[in-house]
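One structure below.
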Amino acid sequence: MADIHVEEFYKDVAVALVQLYSVFPRRTNLFVEDIAGPDEPDEFGLHSNRHMACFGALLWLQEEGLLRYVDTIRQEALDQAVLTQTAFVRLSAPAPQALVRALDAGATDDRTPRSVQRDLSTYIHLLRTALKSGSSERISLAVQAAFFSDSSSPAELH
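This note's numbering applies: residue 3 is where the sequence shown begins, and numbers increase by one.
See the structure below:
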């Protein structure tokens with residue numbers, strides 16, 4: 003089992019990418035509270051470690067070339083964020099069938115139209131399904147497969 007901060011990182015990344023994909027190509031403000039939950043700054047105006055970790059994950063996505071933004075809104079949000087071409091193409095791409103089956107994300111049969119089968123096997127669908135499941139393991143696997151590994155062979159899935 004991964005460290006809790008790593009699991010939270012994967013979830014923050016997945017939520018942010020799904021939010022941006024759902025409005026692509028429109029720019030939108032990406033609020034930390036919408037991703038990590040509400041946060042009350044302390045008496046000195048400092049945010050919690052959880053809030054700052056989520057904000058750091060958003061900044062990291064930009065540093066790694068997965069999103070762009072115009073500015074930060076204090077440590078509350080990214081102003082006018084949008085997916086990069088690299089992230090959009092990757093999220094729209096079909097995932098390996100072994101991964102789709104392992105995550106139970108593309109439950110289709112022969113009667114399902116081919117276009118629907120294609121949509122259900124994309125990385126964005128895997129991320130949405132993993133988030134919906136609430137399983138840290140599924141979320142981590144979906145994010146890793148989408149962006150951090152060169153291949154997703156069945157041996158890597160278990």
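Idealized CB from N, CA, C, for every residue including glycine.
Note that the structure is a prediction, hence the values are computed from the model and not measured.
What does the alpha-carbon distance come out to for the pair residue 138 and residue 38?
14 angstroms
Taking its Cβ as the centre, do 16 or more other Cβ atoms sit within 10 Å of residue 155, making it buried, or is it exposed?
Note on residue 155: pLDDT 41, under 50, position unreliable in the model; no value is reported.
Rounded to whole angstroms, what is the Cα-Cα separation between residue 158 and residue 141?
Annotation note: pLDDT 43 at residue 158 (below 50); position unreliable, coordinate value reported separately. Answer to the nearest angstrom: the Cα atoms are 15 angstroms apart.
Is residue 132 buried or exposed, if buried means 16 or more other CB atoms sit within 10 Å of its CB?
buried
Under the rule that 16 or more other beta-carbon atoms within 10 Å means buried, what is residue 45, buried or exposed?
exposed
Since residue 33 is in the beta strand (DSSP E), which residue starts that stretch and which ends it?
30 to 33
Below 8 angstroms on the Cβ atoms is my contact criterion, and I expect residue 83 with residue 32 to pass it. Report the Cβ-Cβ distance as a whole number of Å.
4 angstroms
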